[in-house]
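Trainee: This is the structure I have questions about; it appears just below.
Number of protein chains: 2
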Amino acid sequence: MPQRREAVTIADVARTVGVATSTVSRALNQPGRISDELRDRIVAAAATLGYHPNPQARSLTSGRTQSIALLVPDITNPFFFGLIRGAQAQARARGHRHVLVDTEESAEVEALTLAELPASVDGIVLAAARLTDAELTAAAGRVPLVLVNREVPGLRSVVMDTAAGALQALDHLVSLGHRSVAYVAGPATSWSSRKRWRALQRTARRLGVDCVRIGPFPPTMAAGAAAADAVVHHRVTGALFFNDLLAIGALRRFAERGIRVPDDLSVVGCDDIFGADFCRPPLTTLTTPVEQTGRVAVDMLLSTPTVGEPVRAGQTLPTHLTIRESTGPVPTRRAGRP
Amino acid sequence: MPQRREAVTIADVARTVGVATSTVSRALNQPGRISDELRDRIVAAAATLGYHPNPQARSLTSGRTQSIALLVPDITNPFFFGLIRGAQAQARARGHRHVLVDTEESAEVEALTLAELPASVDGIVLAAARLTDAELTAAAGRVPLVLVNREVPGLRSVVMDTAAGALQALDHLVSLGHRSVAYVAGPATSWSSRKRWRALQRTARRLGVDCVRIGPFPPTMAAGAAAADAVVHHRVTGALFFNDLLAIGALRRFAERGIRVPDDLSVVGCDDIFGADFCRPPLTTLTTPVEQTGRVAVDMLLSTPTVGEPVRAGQTLPTHLTIRESTGPVPTRRAGRP
DNA sequence: CCAGGTTTGGCAATGGATTGCCAGCTCCGT
DNA sequence: ACGGAGCTGGCAATCCATTGCCAAACCTGG
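Protein sequences appear in the order of chains W and F.
To convert, note that position 78 of the first sequence is 582 in this note's numbering; the numbers rise steadily by one, no gaps.
To convert, note that position 148 of the second sequence is 652 in this note's numbering; the numbers rise steadily by one, no gaps.
Laid out in structure tokens, this is it:
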């Protein structure tokens, strides 16, 4: 088993070429500062020795770490895969590394991470934050921060407009004749779930349709079964689920109970995660620009380097309804109705 | 917009308590070294000030970064989600952070990352390596390294025994009467695809069944359509796909072409990714212990701290066949046969 | 041929924490 | 009361790269 070899340092390069370390540093970082001839020799020597600057040491003086952190509440949730992917892509494009932290849906872990991380990263993208506005504002004072799917006055954020999307979905159901629908809510701490429910409630009243709220449920497939039972219990003809995970879980439960989707019940998901198009039946869902969200968030994070007013504090990305096969006309008679 | 505040340093704590920085450092890291009374005061002051040691500075002297890197060829692939999850969980459990790098299926990116990263992490878990044995061995000399799904003599690795699993799958098909099957290969650089094919080939010969190899194909859903067409072209009654992504993509194509699975054709996937259980039809597949693999790899990485022979250089984790609905008895007459 | 300006490269401080070594103090036995 | 052991805590070097400041060397024009 090979032993961990000593890394090549800037001093090694300097010694090889016969110059000072400062000269090597400048040759590598400030191209115009050193004469071409010497610079070439230094670059060549660095390449030969396999020199790579130590990011830790560099960040100590420069303050830059060339890395950002992405905090998500639950890596398990495929929804965040898209976000991770988008963020990673943009971070790489801008020459940054990417630390991934799973906060396990816990406000404490979130707070602790936010406290420990600032020294190691140039900025943090925080998805679906669980903390309070005040805590988040405080954190933003310590490190550049961009929120995803959460708005706090004065802080930068990228949110997907699922509230508007939910209204589209409601319209869709109403146009199919549904008059009694349910909103299956996500975690109580979810800002977007609350926002969506408020929008739905208001619009449902205006349209004169019944809209009940069920939940909260954790956003997992496993919770889908309970959610499905609750939906059945409420005797609605359509249900909007907090997310696809829950909806897909529910779909399976409906199948077990012999409830046909969409003949007996229409189901709408949210997020359009991997699998939403090939589950059974393919899920009508709110398609969200997840990857784009990740990219935009990272861009926003790295753009205004902590100084001056950000051009736009918050950015809202549109969502749209993707109609597949889990929604259909309202059943004329509802099976099992008394 | 709040300005980035100066971080609290060990010097601040020292000044507050009225001791030297070395004393603070020891109070925090070597509990027995400082008198209890003083230690308590230091800890209290650190908490009050909100002191968190700067990981960069710490790693400079100690050599430890308390973070590891996970390199995967493609974050897009749900297979790696499980790996990421398992690795993340174990890293967290062992008090380490987690840098995620997508090498984009590129050997160059992989090599570059392997060259740059050693200074910033305590070790690297490299999944589905694309580099040569020699390059990997060289890299392992620079940084603790654990390979996933790749074996190189002398290096530590965790592999999922998909070769054995593929034989189980073959047995399954044979027992259903299939005599002519295809192996839909993954990328040419995939070590596990090669290994699996070799095992299949040998066993197929022994069992007296026809086994052709199709491909290579990139491991994506999009490639599934082409793979499906190739399978049809080869007039086999059963197909083992390199992975579920490819298989699910193919499933969709089969449906489009009116080929019924499993009535006309049996399909076996590999990995048992998210979605394999709710696609249509639910996929018979090789269930791999992905999360466990991630955990074991991280454990292995952090266990033998670079010194001495590792107890076990390589660990092989078993896989098993999960039979769902995409495999069935061989068709008595094959539709469309001349 | 010299004053003044421009390159070019080096010295040394810097960032934050760790750690080897040393010094002062207490406490013990004799 | 004295010598040595055992605790505690501080000094200063160290890790590696960056950068402000300075000085030597070179160039230019008068």
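Even for Gly, the Cβ is constructed at its ideal location relative to N, Cα and C.
(1) In chain F, which residues lie less than 9 Å from residue 783 of chain W when you measure between Cβ atoms?
(2) Would residue 533 of chain F be called buried (16 or more neighbouring beta carbons within 10 Å of its own) or exposed?
(3) Out of W:655, W:831 and W:561, point me to the one whose CA is closest to residue 457 of chain W's CA.
(4) Examine chain W for any beta-carbon lying closer than 8 Å to the beta-carbon of residue 620 of chain F, and answer yes or no.
(5) For residue 565 of chain W, which option in W:775, W:539 and W:624 has the closest C-alpha, if you only look at C-alpha atoms?
(6) Out of curiosity, what's the CA-to-CA distance linking residue 550 of chain F and residue 664 of chain F?
(7) Are any of the Cβ atoms in chain F nearer than 8 Å to that of residue 514 of chain W?
(8) Count the other C-beta atoms from every protein chain shown that fall within 10 angstroms of the C-beta of residue 614 of chain F, then say buried if there are 16 or more, exposed otherwise.
(9) Would residue 771 of chain F pass as a contact of residue 830 of chain F if the rule is Cβ separation under 8 Å?
(10) If you follow the alpha helix (DSSP H) that residue 674 of chain W is in, where does it begin and where does it stop?
(11) Report the neighbours of residue 661 of chain F on chain W: residues whose CB is nearer than 7 Å to its CB, in chain order.
(12) By how many angstroms is the C-alpha of residue 773 of chain W removed from the C-alpha of residue 621 of chain F?
(13) Mind checking residue 616 of chain W: buried by the 16 CB within 10 Å criterion, or exposed?
(14) In angstroms with no decimal places, state the Cα-to-Cα distance between residue 783 of chain F and residue 645 of chain F.
(15) Using the beta-carbon of each residue, which ones in chain F are nearer than 9 Å to residue 582 of chain W?
(16) Tell me the DSSP secondary structure of residue 605 of chain F in three-state form.
(17) Helix, strand or coil for residue 827 of chain F? Go by DSSP, reduced to three states.
(18) Looking at C-alpha atoms only, which residue of W:659, W:579 and W:793 is the closest neighbour of residue 795 of chain F?
(19) Taking all protein chains shown into account, do 16 or more other C-beta atoms lie within 10 angstroms of the C-beta of residue 823 of chain F, making it buried, or fewer, making it exposed?
(20) DSSP beta-bridge partners for residue 575 of chain F?
(21) Starting from residue 819 of chain F, trace the beta strand (DSSP E) both ways and give me its first and last residue.
(22) Give the range of the alpha helix (DSSP H) segment to which residue 744 of chain W is assigned.
(23) Are the Cβ atoms of residue 806 of chain W and residue 598 of chain W separated by less than 8 Å?
(24) In chain order, what residues of the same chain have a beta carbon less than 6 Å from the beta carbon of residue 543 of chain F, not counting five sequence neighbours either side?
(25) Since residue 763 of chain W meets chain F, which of its residues come closer than 7 Å, beta carbon to beta carbon?
(26) Please return the same chain residues whose Cβ sits closer than 7 Å to the Cβ of residue 758 of chain W, not counting the five positions on each side in sequence.
(27) For chain W, find out if any of its Cβ atoms is closer than 8 Å to the Cβ of residue 556 of chain F; answer yes or no.
(28) Along chain F, in chain order, which residues have C-beta atoms closer than 7 Å to that of residue 559 of chain W?
(29) Name, please, each residue of chain W whose Cβ falls closer than 9 Å to the Cβ of residue 602 of chain F.
(30) Going by the DSSP bridge assignment, what does residue 649 of chain F pair with across the sheet?
(31) Report buried or exposed for residue 751 of chain F, applying the criterion of at least 16 other Cβ atoms within 10 angstroms of its Cβ.
(32) Can you tell which of F:692, F:799, F:691 and F:825 has the C-alpha that lies nearest to the C-alpha of residue 781 of chain F?
(33) Which bits of chain F does residue 563 of chain W rub up against, with CB to CB less than 7 Å?
(34) Using DSSP with H/G/I as helix, E/B as strand and the rest coil, what is residue 545 of chain W?
(35) Going by C-alpha distance, which of F:683, F:670, F:606 and F:722 is nearest residue 702 of chain F?
(36) Looking only at its own chain, which residues have a Cβ that is under 7 Å from the Cβ of residue 512 of chain W, when we skip the five neighbours before and after it?
Mentor: Concretely, from the data shown:
(1) Near residue 783 of chain W (Cβ distances below 9 Å), the residues of chain F are 779, 782, 783 and 784.
(2) exposed
(3) Absent from the model: residue 457 of chain W. The displayed extent of chain W is 505 to 842, so no value can be given.
(4) yes
(5) W:624
(6) 46 Å
(7) No, its Cβ sits nowhere closer than 8 Å to a Cβ of chain F.
(8) buried
(9) yes
(10) 666–679
(11) Here the premise fails: no neighbours, minimum Cβ distance about 13 Å.
(12) 40 Å
(13) exposed
(14) 44 Å
(15) 582, 585, 778 and 779
(16) strand
(17) In this structure, DSSP gives residue 827 of chain F a state outside helix and strand, which the three-state scheme calls coil.
(18) Of W:659, W:579 and W:793, the residue nearest in Cα terms is W:579.
(19) buried
(20) F:605 and F:630
(21) Looking at the DSSP string, the run of the beta strand (DSSP E) that includes residue 819 of chain F is 818–821.
(22) Counting along the chain, residue 744 of chain W falls outside any alpha helix (DSSP H), though it belongs to the beta strand (DSSP E) covering 742–745.
(23) For residue 806 of chain W and residue 598 of chain W, yes; Cβs fall inside 8 Å.
(24) 531
(25) Listed along chain F is no residue with a C-beta nearer than 7 Å to that of residue 763 of chain W; the closest approach is about 16 Å.
(26) 732, 765 and 769
(27) yes
(28) 623 and 624
(29) 603, 604, 605 and 606
(30) F:628
(31) Buried, since its Cβ has 16 or more Cβ neighbours within 10 Å.
(32) Considering only alpha carbons, the answer is F:825.
(33) 560
(34) helix
(35) F:670
(36) 553, 554 and 555
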